[in-house]
Amino acid sequence: MFHGVMMQSFQPPRRILMGPGPSDVPPRVLQALARPTIGHLDPEFQALMEEIKAALQRLFNAPEHACVPLPAPGTAGMEAAIMNLLEPGDRAVIAINGAFGGRMADMAGRAGAEVVTVDHAWGEPVDPARVEAALAEAPAKVLAFVHAETSTGARSDAATLCGIARRHGALSIVDCVTSLGGITVDAAAWDADVIYSGTQKCLSAPPGLSPIALSKRAQAAISGRKEKVRNWLCDFNLLMSYWGGEGGRTYHHTAPINALYGLHESLVMLFEEGQQAAVVRHARMHEALVAGLEAAGLELLVAEPHRLPQLNAVRVPDGIDEAAVRAHALAKWDLELGAGLGPLKGQIWRIGLMGASATPWHVRLCLTALCEALAAQGHKVDTAAVLAAADARLAA
Ligand SMILES: *Cc1c(COP(=O)(O)O)cnc(C)c1O
Numbered sequence: 010m011f012h013g014v015m016m017q018s019f020q021p022p023r024r025i026l027m028g029p030g031p032s033d034v035p036p037r038v039l040q041a042l043a044r045p046t047i048g049h050l051d052p053e054f055q056a057l058m059e060e061i062k063a064a065l066q067r068l069f070n071a072p073e074h075a076c077v078p079l080p081a082p083g084t085a086g087m088e089a090a091i092m093n094l095l096e097p098g099d100r101a102v103i104a105i106n107g108a109f110g111g112r113m114a115d116m117a118g119r120a121g122a123e124v125v126t127v128d129h130a131w132g133e134p135v136d137p138a139r140v141e142a143a144l145a146e147a148p149a150k151v152l153a154f155v156h157a158e159t160s161t162g163a164r165s166d167a168a169t170l171c172g173i174a175r176r177h178g179a180l181s182i183v184d185c186v187t188s189l190g191g192i193t194v195d196a197a198a199w200d201a202d203v204i205y206s207g208t209q210k211c212l213s214a215p216p217g218l219s220p221i222a223l224s225k226r227a228q229a230a231i232s233g234r235k236e237k238v239r240n241w242l243c244d245f246n247l248l249m250s251y252w253g254g255e256g257g258r259t260y261h262h263t264a265p266i267n268a269l270y271g272l273h274e275s276l277v278m279l280f281e282e283g284q285q286a287a288v289v290r291h292a293r294m295h296e297a298l299v300a301g302l303e304a305a306g307l308e309l310l311v312a313e314p315h316r317l318p319q320l321n322a323v324r325v326p327d328g329i330d331e332a333a334v335r336a337h338a339l340a341k342w343d344l345e346l347g348a349g350l351g352p353l354k355g356q357i358w359r360i361g362l363m364g365a366s367a368t369p370w371h372v373r374l375c376l377t378a379l380c381e382a383l384a385a386q387g388h389k390v391d392t393a394a395v396l397a398a399a400d401a402r403l404a405a
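Numbered per my numbering, the sequence shown spans residues 10 to 405.
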């Protein structure tokens with residue numbers, strides 16, 4: 010018996026999203042999501058699927074890769090990559106420099122692989138020399154790493170790491186969930202095997218889809234597997250009977266039709282702006298934010314050369330209540346900031362400048378809210394000077 014359950018439409022509060030994702034979704038994308046649902050085998054929808062596949066090839070710079078959006082969030086891309094490439098007994102080298110590398114290692118273990126982790130302190134980029142040593146020790150089927158570690162704000166050198174994988178005959182898996190759209194992702198130049206992403210970080214669509222790209226080598230490895238992929242939904246052989254296109258589609262699952270309208274619109278917007286222009290915009294907003302943070306006496310976790318523009322991990326000063334600052338920003342400014350994970354819990358804030366949340370307005374609003382929240386705890390900051398420092402970078 011469900012006594013007195015009176016449901017009403019859900020009206021989300023107004024929020025400004027500057028955490029580790031989701032980022033602000035532009036009205037154009039929200040409007041696209043609300044367009045009429047059509048059948049997933051409708052010829053018009055199939056044309057949309059073809060357009061999205063081609064757009065993803067352009068997005069990843071992966072003209073020779075098979076690209077599809079998986080019907081689940083970024084973690085599904087990770088799971089698809091690991092489950093399709095690894096079979097029981099395969100050796101997998103996994104670089105861990107934050108939460109997401111750890112998740113990959115957990116999945117590889119579940120796939121039955123012999124997992125060799127290369128562990129780093131959180132906040133460091135992946136060390137190519139140590140990865141190379143692990144691959145040189147014994148042949149590995151896969152090298153997996155995170156390009157943009159969202160839990161720490163560190164950027165790793167994907168080109169070098171994919172090159173090392175190639176030299177040692179391993180297939181590379183690159184987590185580009187947070188990098189895609191915010192910093193350069195180039196599957197062809199890296200000669201990367203499997204790259205996946207998500208929609209709610211720098212693409213600024215709602216969460217729920219995971220664009221993935223697979224090289225010809227990766228596809229051959231999957232067709233040559235000794236046993237079936239253990240995850241049915243993400244089995245790339247089955248998936249391509251649906252998304253492959255050539256020679257008619259067969260039912261596999263029902264594509265999340267409206268979510269794909271949203272992804273499509275976000276890609277239209279990204280190509281209108283230009284991918285390189287979007288990368289430059291993220292870098293500029295990051296520089297302005299950092300100028301303001303430094304003027305406020307705050308420090309970043311990651312050393313300058315390895316910082317991600319789209320995810321800024323800021324050290325919590327001594328004597329400041331980390332959670333109270335985020336609560337203040339949310340209560341007074343409708344502003345969502347991220348907290349630290351794992352060993353960084355309570356130690357950092359994570360400020361996202363992702364996609365539509367990477368604008369001068371977001372930078373100024375975030376700095377204003379932070380200064381106010383710090384002042385409320387007796388940490389004196391000159392808000393005008395902080396904003397002036399950011400403005401000087403924005404004007405440069
Ligand atoms: C967000 C994120 C994921 C997981 O994506 P979900 O959409 O939350 O499943 C994986 N890797 C990285 C680097 C991420 O930032």
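Where is the CB? At the ideal position from N, CA and C, for every residue including glycine.
Check: Sub-7 Å separation of Ser206 and Gly364 beta-carbons; Outcome: no
Check: Cβ-heavy atom distance, Pro369 to ligand 1, below 6 Å; Outcome: no
Check: For Ala348, the residue or residues it bridges with in DSSP; Outcome: Trp358
Check: Simplified DSSP assignment, three categories, for Ala120; Outcome: coil
Check: Chain-order list of residues whose beta-carbon lies under 6 Å from that of Ser181 (same chain, five-residue window excluded); Outcome: Leu152, Cys171, Ala174, Ala201 and Asp202
Check: CB contact check: Thr208 to chain B, cutoff 7 Å; Outcome: Of the protein chains in the structure, only one exists, and it is not chain B.
Check: Backbone secondary structure at Leu309 - three-state DSSP; Outcome: strand
Check: Given 8 Å, three or more beta-carbon pairs between the stretch 297 to 311 and the stretch 387 to 401; Outcome: yes
Check: 6 Å CB neighbourhood of Ser160 in its chain, flanking five on each side removed; Outcome: Gly107, Ala108 and Leu350
Check: Reduced DSSP category for Met294 - H, G, I as helix; E, B as strand; rest coil; Outcome: helix
Check: Residue range of the alpha helix (DSSP H) that includes Ser275; Outcome: Ile266 to Glu282
Check: Nearest-angstrom Cα separation, counted from Leu94 out to Gly268; Outcome: For the sequence presented, residue 268 should be read as Ala rather than Gly. For Ala268 and Leu94, the distance between alpha carbons rounds to 27 Å.
Check: For Ala168 and Pro220, the rounded distance between their alpha carbons; Outcome: 20 Å
Check: Which listed residue (Cys375, Pro265, Val183 and Leu247) has its alpha carbon closest to that of Glu158; Outcome: Val183
Check: Cross-strand partners of Thr126 (DSSP beta bridge); Outcome: Ile103
Check: beta-carbon Pro406 near ligand 1 non-hydrogen atom, thresh 6 Å; Outcome: As displayed, the chain neither begins before 10 nor continues past 405, which places residue 406 out of reach and without an answer.
Check: Distance between Lys210 and Val38 (C-alpha atoms, nearest Å); Outcome: 14 Å
Check: Buried or exposed by the 16-neighbour rule on C-beta atoms within 10 Å, applied to Met15; Outcome: exposed
Check: Reference Gly118, options Ala393, Arg239 and Gly271, closest by Cα; Outcome: Arg239
Check: For Met363, the first and last residue of its enclosing alpha helix (DSSP H); Outcome: From DSSP, Met363 is part of no alpha helix (DSSP H); its letter is neither H nor E.
Check: Cβ-based burial, Arg112 [other Cβ within 10 Å; buried from 16]; Outcome: buried
Check: Check: Phe245 C-beta below 6 Å from any heavy atom of ligand 1; Outcome: no
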